[in-house]
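Structure first, then comments.
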Amino acid sequence: MPKRALAIVDVQNDFLPGGALAVPGSGEIISVINRVQPLFELVVATLDWHPRDHVSFAVNHPGRVPGDVITVDGQSQVLWPVHCVQATAGAALADELAAGRIARVFHKGTDPRLDSYSAFFDNAHRRGTGLGDYLKAAGVRELFLAGLTTEYCVAHSARDALWLGFQVTVIQDACRGIELHSGDVAAAIENMRAAGVRLVNSDELT
Ligand code: VGL
Ligand code: ZN
1481 MPKRALAIVD
1491 VQNDFLPGGA
1501 LAVPGSGEII
1511 SVINRVQPLF
1521 ELVVATLDWH
1531 PRDHVSFAVN
1541 HPGRVPGDVI
1551 TVDGQSQVLW
1561 PVHCVQATAG
1571 AALADELAAG
1581 RIARVFHKGT
1591 DPRLDSYSAF
1601 FDNAHRRGTG
1611 LGDYLKAAGV
1621 RELFLAGLTT
1631 EYCVAHSARD
1641 ALWLGFQVTV
1651 IQDACRGIEL
1661 HSGDVAAAIE
1671 NMRAAGVRLV
1681 NSDELT
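Following this line, the structure appears as C-alpha cells:
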C-alpha cells in the first residue's frame, strides 16, 4: 500500500476566532483534524511564518487596506491584515490541535518580498519549502490536506502536490475558507476537482 500522509495547513491562532485574520468556522475543524490524524502513517504541518515587513501586509503599503490587490515584481498580491508574524503567539499552532503525531513542521511565507500560499513553493515557484522532497523521501504517494484556508493555502498546496505527482485528497470538513469575495471557496473547490483533486468528508476516511 502506498504510504499516506496528512498535511495540516496553517492551523494557527491568527486564523482562528479572535485572531488577526480570523477565518469563519475555523474553530470547528480542530476536533476533525485531531480525529483523523491516527489514520495516517505520517503527519506534517505547515506554518504561515511572515517577517514583520512582509509584502502581504496592507500596513506595509501606504494608502492600502486589507483586501486590496496589488502587483509586486509581476506577482499579484492580495493584501492582508498583519498575521502570523514569526515567533508571535498568533503564529503558533492552535493549542487544541493534537501535535504529538506531527513529524515535522514546514515554514512558508518567510521571504519579505514574496508570499507563499502553497505548502510546497512560494507564489513565484522560485523556492521550495522542503515539503515535497521530505514526502518523497518518506515514500509518500498519497497526500491528504486539511486546514486553513480552503481557497488560498489549501488550494495552492493541492495544485502543487498534483504537479509534484502526488495523489491528492482534500478533507473538506477539515478545512475552512476566508471567502473574501462570496463564491471564492466554491470556485476553489471546483477548480481543485477539475484539476484531479479528490474531495472527501472525514467520515468517509478509513
Ligand atoms: C493564508 C492568507 C494569507 C492561508 C495565509 O493560510 O490560507 N491566507 N496568508
Ligand atoms: Zn499569510
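Sequential numbering of the sequence shown, starting at 1481, is according to our numbering. A virtual CB, placed ideally from N, CA and C, is assigned to each residue, including glycine. Source: prediction; values computed, not measured.
Item: Burial state of residue 1536, where buried means 16 or more other Cβ atoms lie within 10 Å; Value: buried
Item: Distance CB(residue 1630)-CB(residue 1680) smaller than 7 Å; Value: no
Item: Residue 1495, DSSP secondary structure in three states; Value: helix
Item: Limits of the unbroken alpha helix (DSSP H) element including residue 1711; Value: Since the first residue of the chain shown is 1481 and the last is 1686, residue 1711 is not available in this structure.
Item: Cβ pair residue 1516, residue 1685 closer than 7 Å; Value: yes
Item: Closer than 6 Å: residue 1589 CB and nearest the ligand ZN heavy atom; Value: yes
Item: Secondary structure of residue 1658, DSSP reduced to three states; Value: coil
Item: Inter-residue Cα distance where the pair is residue 1622 and residue 1484; Value: 5 Å
Item: 6 Å Cβ shell around residue 1544 - same chain, five flanking residues per side excluded; Value: 1538 and 1559
Item: 7 Å Cβ cutoff met for residue 1523 and residue 1599; Value: no
Item: Contact check, residue 1565 vs residue 1532, beta carbons under 7 Å; Value: yes
Item: Distance cut-off 6 Å: residue 1551 Cβ against heavy atoms of the ligand VGL; Value: no
Item: Residue range of the unbroken beta strand (DSSP E) whose run includes residue 1512; Value: Note, residue 1512: premise wrong, no beta strand (DSSP E); alpha helix (DSSP H) at 1509–1516.
Item: Coarse secondary structure for residue 1556, derived from DSSP in three states; Value: strand
Item: Beta carbon of residue 1491 nearer than 7 Å to that of residue 1653; Value: no
Item: Reduced DSSP secondary structure (H/G/I, E/B, other) of residue 1569; Value: helix
Item: Short Cβ contact (7 Å threshold) for residue 1526 with residue 1588; Value: yes
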